[in-house]
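**Student:** One structure, pasted below without further comment.
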Amino acid sequence: MRVLNGLFLALIFALNAQTCAAQKDSLPPTTATTLLHAANNLDERLLIQINHWAASAGILNYPAELLSNSAAYTVIGIPAGLYIYGLATKNTTATYAGASTLLSVCVSGLLTEGIKNIVKRQRPYCTLDGCLFPDTLVTGYSFPSGHATASWALATGISLHYPKWYVIVPSVLYAGAVSVSRPSLAVHYPSGI
Numbered sequence: 001m002r003v004l005n006g007l008f009l010a011l012i013f014a015l016n017a018q019t020c021a022a023q024k025d026s027l028p029p030t031t032a033t034t035l036l037h038a039a040n041n042l043d044e045r046l047l048i049q050i051n052h053w054a055a056s057a058g059i060l061n062y063p064a065e066l067l068s069n070s071a072a073y074t075v076i077g078i079p080a081g082l083y084i085y086g087l088a089t090k091n092t093t094a095t096y097a098g099a100s101t102l103l104s105v106c107v108s109g110l111l112t113e114g115i116k117n118i119v120k121r122q123r124p125y126c127t128l129d130g131c132l133f134p135d136t137l138v139t140g141y142s143f144p145s146g147h148a149t150a151s152w153a154l155a156t157g158i159s160l161h162y163p164k165w166y167v168i169v170p171s172v173l174y175a176g177a178v179s180v181s182r183p184s185l186a187v188h189y190p191s192g193i
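The structure is reproduced here in structure tokens:
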């Protein structure tokens, strides 16, 4: 059990250090130094369609931002909560579920950041003309989406440990909603989610 506790703490610190380093080191060029162009392929046209939902239904802006922002907390909070609950109640199933789900989220985050630094695809709002309401505070590269990857890692981990419909359905709906919120905010292309 002490080894599991140490692993859990090491994962928390590693994820935090990896996130801070990625935000600091992978800043893309600003819109002012990037030539904007019109949507000319399926990926770009689909992004514009998803991004322009907000123009016809402004009520979708706030939920998209809320979902995107919540992912950073849920992908750590839910596994950590399961792990702490398992320790407090001496429930090894919950302890292992929390630790293994957190491990999958951390590994997916490291892989995502590695791929981003290899591919170096700019964010849509930096290169694509016609993006509405972009979340220009997001820095780094676009492909693949770390939010979507972490949300799906969380949904998969939780669903594998608790294979009940009332766990799987909300997990999948949440991961899908987070994924769609990213192109809605013009920070990821649909092919990157």
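The opening residue of the sequence shown carries number 1 in my numbering; numbering runs sequentially from there.
Note that beta-carbon positions come from the ideal geometry of N, C-alpha and C, so glycine has one too.
Since the model is a prediction, treat every value here as computed from it, not as a measurement.
Express the C-alpha separation of residue 91 and residue 53 in angstroms, rounding to a whole number.
**Tutor:** Going from the Cα of residue 53 to the Cα of residue 91 covers about 45 Å.
**Student:** How many angstroms separate the CA atom of residue 150 from the CA atom of residue 75?
**Tutor:** Roughly 6 Å separates the two Cα atoms.
**Student:** Based on Cα-Cα distance, which residue from 110, 163, 115 and 141 lies nearest to residue 123?
**Tutor:** It is 141.
**Student:** When the Cα of residue 49 is compared with those of 159, 129 and 171, which residue comes out closest?
**Tutor:** Of the listed residues, the one whose Cα sits closest to residue 49 is 129.
**Student:** Cβ atoms of residue 47 and residue 101: under 9 Å apart, would you say?
**Tutor:** No, they are not a contact pair.
**Student:** Which residue comes first and which comes last in the alpha helix (DSSP H) that contains residue 193?
**Tutor:** That residue, residue 193, is in no alpha helix (DSSP H); it is neither H nor E in DSSP.
**Student:** Quick one: residues in its chain with C-beta nearer than 6 Å to the C-beta of residue 192, no 5 flanking neighbours on either side, listed in chain order?
**Tutor:** So the qualifying residues of the chain are 142, 143, 144 and 145.
**Student:** What runs of the alpha helix (DSSP H), each 4 residues or longer, lie entirely inside the region 118-183?
**Tutor:** The region 118-183 contains these whole alpha helix (DSSP H) runs: 124-127 and 146-161.
**Student:** Just how far apart, CA to CA, sit residue 169 and residue 157?
**Tutor:** Those two C-alpha atoms are separated by around 13 Å.
**Student:** My output table needs one value for residue 185: the three-state DSSP class, helix, strand or coil.
**Tutor:** Coil.
**Student:** Check residue 26 in the structure and name its three-state DSSP category.
**Tutor:** Note that residue 26 has pLDDT 42, beneath the 50 cutoff, so the model's placement of it is unreliable and no number is given.
**Student:** Below 9 Å between beta carbons: does that hold for residue 95 and residue 81?
**Tutor:** Not closer than 9 Å, so no.
**Student:** Below 6 Å CB to CB, which residues in the same chain sit around residue 206 once its five sequence neighbours on both sides are set aside?
**Tutor:** Any answer about residue 206 is impossible in this case: the structure gives the chain only from 1 up to 193.
**Student:** State the Cα-Cα distance for the pair residue 176 and residue 84, rounded to the nearest angstrom.
**Tutor:** Looking at the two C-alpha atoms, the distance is approximately 27 Å.
**Student:** Which value, in whole angstroms, describes the spacing of the CA atoms of residue 178 and residue 44?
**Tutor:** Looking at the two C-alpha atoms, the distance is approximately 19 Å.
**Student:** With 16 as the cutoff for other CB atoms within 10 Å, does residue 184 come out buried or exposed?
**Tutor:** Per the 10 Å Cβ criterion, buried.
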